[in-house]
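For reference, the structure discussed in these notes is given below.
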Amino acid sequence: LKLNDMQMTKFSEYELLYAFNDARHMLWIALAVNFSSFPRKSVELVAVDGVAPLPADYYTLVDLSSGVIVGDHVEDGDGATLVYNCVPLPILDATESAEFPASLYLDIVALSALIAQGDTSAAVTTATESARRVSQKREISRIPDKVHFP
(Lines of atoms letter the chains of each structure in order from A and count residues from 1; the text may use other names and numbers.)
(Lines give C-alpha, C1' and ligand atoms only; values in the text may rest on other atoms or scores of the structure.)
Protein backbone atom coordinates (compact mmCIF):
# COMPACT_ATOMS: atom_id res chain seq x y z
CA LEU A 1 0.00 0.00 0.00
CA LYS A 2 2.88 2.36 0.70
CA LEU A 3 4.02 1.86 -2.86
CA ASN A 4 0.50 2.52 -4.20
CA ASP A 5 0.81 -0.59 -6.35
CA MET A 6 -2.11 -2.82 -5.35
CA GLN A 7 -2.61 -4.00 -8.94
CA MET A 8 1.16 -4.66 -9.31
CA THR A 9 1.42 -2.47 -12.39
CA LYS A 10 4.24 -0.17 -11.32
CA PHE A 11 6.75 -2.50 -9.62
CA SER A 12 7.69 -6.01 -10.62
CA GLU A 13 8.26 -8.75 -8.06
CA TYR A 14 11.94 -8.66 -9.05
CA GLU A 15 12.24 -4.94 -8.26
CA LEU A 16 10.51 -5.30 -4.91
CA LEU A 17 12.64 -8.29 -3.97
CA TYR A 18 15.83 -6.35 -4.67
CA ALA A 19 14.48 -3.31 -2.78
CA PHE A 20 13.80 -5.62 0.18
CA ASN A 21 17.32 -7.08 -0.01
CA ASP A 22 18.87 -3.61 -0.16
CA ALA A 23 16.71 -2.46 2.77
CA ARG A 24 17.82 -5.38 4.98
CA HIS A 25 21.45 -4.84 4.00
CA MET A 26 21.26 -1.10 4.70
CA LEU A 27 19.53 -1.58 8.07
CA TRP A 28 21.96 -4.28 9.23
CA ILE A 29 24.93 -2.01 8.44
CA ALA A 30 23.30 0.85 10.36
CA LEU A 31 22.66 -1.49 13.30
CA ALA A 32 26.30 -2.65 13.28
CA VAL A 33 27.54 0.95 13.24
CA ASN A 34 25.32 1.67 16.26
CA PHE A 35 26.75 -1.31 18.21
CA SER A 36 23.46 -3.24 18.18
CA SER A 37 23.50 -6.96 18.87
CA PHE A 38 20.85 -7.65 16.18
CA PRO A 39 23.38 -8.28 13.38
CA ARG A 40 25.82 -10.11 15.67
CA LYS A 41 26.71 -13.78 15.15
CA SER A 42 29.19 -16.18 16.68
CA VAL A 43 30.84 -19.14 14.95
CA GLU A 44 33.52 -21.70 15.79
CA LEU A 45 36.21 -21.70 13.11
CA VAL A 46 37.50 -24.89 11.54
CA ALA A 47 40.80 -24.41 9.74
CA VAL A 48 42.20 -26.44 6.88
CA ASP A 49 45.98 -26.14 6.58
CA GLY A 50 45.90 -23.33 9.16
CA VAL A 51 43.36 -21.24 7.22
CA ALA A 52 39.65 -20.79 8.03
CA PRO A 53 37.42 -18.88 5.59
CA LEU A 54 35.28 -16.05 6.91
CA PRO A 55 31.51 -16.67 6.78
CA ALA A 56 29.72 -15.51 3.62
CA ASP A 57 27.69 -12.97 5.64
CA TYR A 58 30.71 -11.47 7.47
CA TYR A 59 30.68 -7.66 7.71
CA THR A 60 32.82 -6.46 10.63
CA LEU A 61 34.76 -8.05 13.47
CA VAL A 62 33.52 -7.86 17.05
CA ASP A 63 35.86 -10.40 18.70
CA LEU A 64 38.26 -13.18 17.70
CA SER A 65 39.55 -15.50 20.43
CA SER A 66 42.73 -16.45 18.50
CA GLY A 67 44.24 -16.07 15.07
CA VAL A 68 44.51 -13.15 12.66
CA ILE A 69 42.14 -12.01 9.90
CA VAL A 70 43.96 -11.70 6.59
CA GLY A 71 41.77 -10.70 3.65
CA ASP A 72 38.84 -13.13 3.47
CA HIS A 73 40.15 -15.74 5.92
CA VAL A 74 41.52 -16.30 9.41
CA GLU A 75 45.03 -17.66 9.83
CA ASP A 76 46.07 -19.72 12.86
CA GLY A 77 42.51 -19.68 14.16
CA ASP A 78 41.61 -23.39 14.32
CA GLY A 79 38.99 -23.82 17.04
CA ALA A 80 38.78 -20.07 17.60
CA THR A 81 35.49 -18.32 18.24
CA LEU A 82 34.67 -15.55 15.78
CA VAL A 83 32.09 -12.98 16.87
CA TYR A 84 31.13 -10.71 14.00
CA ASN A 85 28.49 -8.39 12.62
CA CYS A 86 26.76 -9.88 9.61
CA VAL A 87 24.87 -8.57 6.64
CA PRO A 88 21.96 -10.70 5.43
CA LEU A 89 22.55 -12.76 2.34
CA PRO A 90 20.25 -11.71 -0.51
CA ILE A 91 17.00 -13.52 -1.16
CA LEU A 92 16.89 -14.48 -4.82
CA ASP A 93 13.42 -15.98 -5.05
CA ALA A 94 10.07 -14.84 -3.63
CA THR A 95 9.51 -18.30 -2.13
CA GLU A 96 12.51 -17.94 0.20
CA SER A 97 11.94 -16.61 3.69
CA ALA A 98 13.83 -13.99 5.66
CA GLU A 99 14.16 -13.94 9.41
CA PHE A 100 14.56 -10.73 11.38
CA PRO A 101 13.26 -9.36 14.67
CA ALA A 102 9.56 -8.43 14.72
CA SER A 103 10.52 -5.00 16.08
CA LEU A 104 12.11 -4.22 12.69
CA TYR A 105 9.20 -5.23 10.40
CA LEU A 106 7.88 -1.71 9.86
CA ASP A 107 11.40 -0.32 9.42
CA ILE A 108 12.20 -2.81 6.67
CA VAL A 109 8.88 -2.14 4.94
CA ALA A 110 9.48 1.62 5.03
CA LEU A 111 13.07 1.22 3.78
CA SER A 112 11.98 -1.14 0.99
CA ALA A 113 9.34 1.35 -0.15
CA LEU A 114 11.83 4.23 -0.20
CA ILE A 115 14.40 2.21 -2.13
CA ALA A 116 11.81 0.97 -4.64
CA GLN A 117 10.74 4.57 -5.20
CA GLY A 118 14.37 5.57 -5.77
CA ASP A 119 14.68 7.82 -2.70
CA THR A 120 18.00 6.49 -1.39
CA SER A 121 18.87 9.58 0.67
CA ALA A 122 15.62 9.22 2.65
CA ALA A 123 16.32 5.48 2.96
CA VAL A 124 19.75 6.12 4.49
CA THR A 125 18.24 8.60 6.94
CA THR A 126 15.46 6.16 7.85
CA ALA A 127 17.94 3.29 8.37
CA THR A 128 20.12 5.45 10.60
CA GLU A 129 17.14 6.65 12.66
CA SER A 130 15.80 3.10 13.00
CA ALA A 131 19.17 1.78 14.14
CA ARG A 132 19.51 4.55 16.71
CA ARG A 133 16.00 3.88 17.99
CA VAL A 134 16.53 0.15 18.60
CA SER A 135 20.18 0.30 19.63
CA GLN A 136 21.83 1.63 22.69
CA LYS A 137 24.95 3.43 21.53
CA ARG A 138 27.88 1.76 23.22
CA GLU A 139 31.55 2.53 23.12
CA ILE A 140 32.39 -1.12 23.81
CA SER A 141 30.68 -3.37 21.28
CA ARG A 142 30.87 -6.50 23.46
CA ILE A 143 28.28 -5.17 25.93
CA PRO A 144 24.92 -6.69 24.96
CA ASP A 145 21.89 -4.52 24.24
CA LYS A 146 19.24 -4.17 26.94
CA VAL A 147 15.96 -4.88 25.20
CA HIS A 148 12.99 -3.88 27.35
CA PHE A 149 10.29 -5.09 24.97
CA PRO A 150 10.43 -8.14 22.66
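Residues in the sequence shown are numbered from 1 upward in steps of one, following the numbering used here.
Yeah, the Cβ is synthetic: ideal placement off N, Cα and C, and Gly gets one too.
Bear in mind that the values here come from a model prediction, so they are computed numbers and not experimental data.
Alpha-carbon spacing of Thr-128 relative to Leu-61, whole angstroms: For Thr-128 and Leu-61, the distance between alpha carbons rounds to 20 Å.
Opposing strand residues paired with Arg-40 [DSSP bridges]: When DSSP reads this structure, Arg-40 sits in a beta bridge with Asn-85.
Sequence-distant residues of the same chain with beta carbon closer than 6 Å to Leu-82, five excluded per side: Val-43, Leu-45 and Leu-64
Contact under 8 Å by Cβ, Ala-32 with Ile-115: Ile-115 sits away from Ala-32, with the two beta carbons spaced by 8 Å or more.
Arg-40, buried or exposed, once every other Cβ within 10 Å from all chains shown has been counted against 16: buried
Proximity winner among Leu-27, Glu-96 and Tyr-84, relative to Leu-17 (alpha-carbon distances): Glu-96
Three-way DSSP call (helix, strand, coil) for Ala-131 in this model: Three-state result, Ala-131: helix.
Option in Ser-37, Ile-29, Phe-35 and Ala-80 with minimal Cα separation from Leu-54: Ala-80
Under 8 Å between C-beta atoms of Ala-19 and Ser-112: Yes.
Cα-Cα separation, Arg-133 to Ala-102: A straight-line Cα-Cα distance of about 14 Å links Arg-133 and Ala-102.
Beta-carbon proximity of Ala-131 to Asn-34, cut-off 8 Å: yes
In DSSP terms, what Val-48 is bridged to: Paired residues: Val-51.
Where the alpha helix (DSSP H) containing Ile-29 begins and where it ends: 13-33
Backbone secondary structure at Ile-153 - three-state DSSP: There is no way to answer for residue 153, as the model of the chain reaches only from 1 to 150.
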